[in-house]
Each structure stands twice: as structure tokens, then as C-alpha cells.
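Residue numbers for the sequence shown follow this note's numbering, beginning at 1 and rising by one. Backbone N, C-alpha and C define an ideal beta-carbon position, used for all residues, glycine too. Scroll down for the structure; my scribbles are underneath it.
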Amino acid sequence: MAVFSTNDANDQRLDWTISLYGGVALYRRTEILADDLDWLGSSGYRIVSFEAANWRTEDQMHNSLKADLSFPDYYGKNLDALDECMWDDLVVPDVGGLVLVLHHYDQFAKAGLSGRSDERSTAEIVLDIFARAARYHMLFGRQLLVLVQSDDPWIQFGKLGAVSAQWNRREWLNKNREV
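Shown next as C-alpha cells:
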């Protein structure tokens, strides 16, 4: 069953528009964010807000996400564990949806925490994980949206939630492709 209708698309409904562009939206002005949160709340979305300015370390971020998103005790407090919990343990309501709001995310991004072995920052990797989780949950008809407030009007992140073409399941292993 489709999450949205043709009318939702034609009307440029807020949640449809955010989902169309990957489930993550940037906000500078808090009054615009507040208006959109009012609409989402009145449309049945559960809203969970985080003060990302308090995340000076990756551990602080993980502790905050674990507590407010009710991740299990075995949550490993690393980016791989976050990725897994966003798919397997995050509760996204079937009706309405879930909105994660990250206030002052530019301050977390400026903390300069390095991510994995690539050159992306932890802040960008977290948004990438959230964008992929938004797509995953949509496959089950559940809406996960991430609203990112930044005081920096120039903040940018690379492509979020990008996927590459994968080998089909029967040829996924090299030996099955005669490699």
C-alpha cells in the first residue's frame, strides 16, 4: 500500500515533499521549523527533539539517541550500531509517523568529529544513516522524517541515503558470477 496518494503529491503536502527528497530537510529559521512541526504534529506524527549543540563527543550523541529513541541495552554506541538500531529497533508508528528534530546541528557538525575511514564527518554519516532508515521504513508504509535545524545558513552535506546498484541475490557472491 502506498504511503502517499496522488493528491498528496499534487498538493505538495509537507511530509510528501520531505520524503521525496530523501526524508531529511534542513532548516535555518526556527519559526519555519516550528510551523512545520505544528503541521506534522497535527497530522499524527510523533516528534522527538534533540539538542545537538550538547553533543560535543560521539559518545554524548549516542547516549542521547539511545535514551530518547529507546534503543536496547545492547546498543553498541558506535555508528554501525546506530545504523542497525535505526532499522531494527527504532519504533516508527504505522499511523502518522516519526519526526526526529536535530536543533543546532551545525554546532555538532563543527565539533569536527571524524567519521569512519572515509573523509565524511560523523555529523554527515549520522544524517546518511537517518536517510537510509527513512527509506527502509517507508518500504513498510511507515514515515520517518528528519528535520535538521542549523544556525549556519551555508551548512551542506553530501548525498544522503545514496545507494548503488547491487548484484541480484543469486549472483551476489563472486563465485556465483564466475569471478
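If you look at E58, you'll find it in the alpha helix (DSSP H) that goes 58 to 68. Judged by DSSP secondary structure, E51 falls within the beta strand (DSSP E) whose first and last residues are 45 to 51.
Remark: C-beta atoms of V24 and V148 approach each other more closely than 8 Å. Residues I129 of the same chain have their beta carbon placed closer than 6 Å to that of L82, with the five preceding and five following residues left out of the count. Taking each of V91, A162, S42 in turn and checking the Cα distance to R132, the smallest one comes out for A162. By the Cβ criterion, the segment 62 to 76 is in contact with the segment 89 to 102, since at least three pairs of Cβ atoms, one from each stretch, lie closer than 8 Å. A buried status is given to Y45, since no fewer than 16 other beta-carbon atoms sit within 10 Å of its beta-carbon. S150 is a Cβ neighbour of L26, given a cutoff of 8 Å. Taking C-beta separations shorter than 6 Å and ignoring five residues to either side along the sequence, the partners of C85 in its chain run F71, Y75, following chain order. Counting only the Cα atoms, V146 lies some 23 Å from N7. Distance from F108 to W172 at the Cβ level is roughly 36 Å; contact not present, criterion being Cβ atoms closer than 8 Å.
When the five nearest sequence neighbours on each side are left out, no beta carbon in the same chain lies closer than 6 Å to the beta carbon of I32. For G41, the three-state secondary structure derived from DSSP is helix. Counting only residues of its own chain and dropping the five nearest sequence neighbours on each side, E51 has a CB closer than 7 Å to the CB of H103, H104. Short of 7 Å from the beta carbon of L144, and not among the five residues preceding or following it, lie these beta carbons of its own chain, in chain order: G23, V92, G97, L98, A133, A134, H137. The C-beta separation of L79 from I125 comes to about 6 Å, placing the pair in contact by the 8 Å criterion. Put simply, the backbone Cα of D11 is about 14 Å away from that of W39. In the DSSP annotation of this structure, the continuous segment of the alpha helix (DSSP H) that includes Y136 starts and ends at 122 to 138. Excluding the 5 residues flanking it on each side, S42 has no same chain C-beta neighbour closer than 6 Å.
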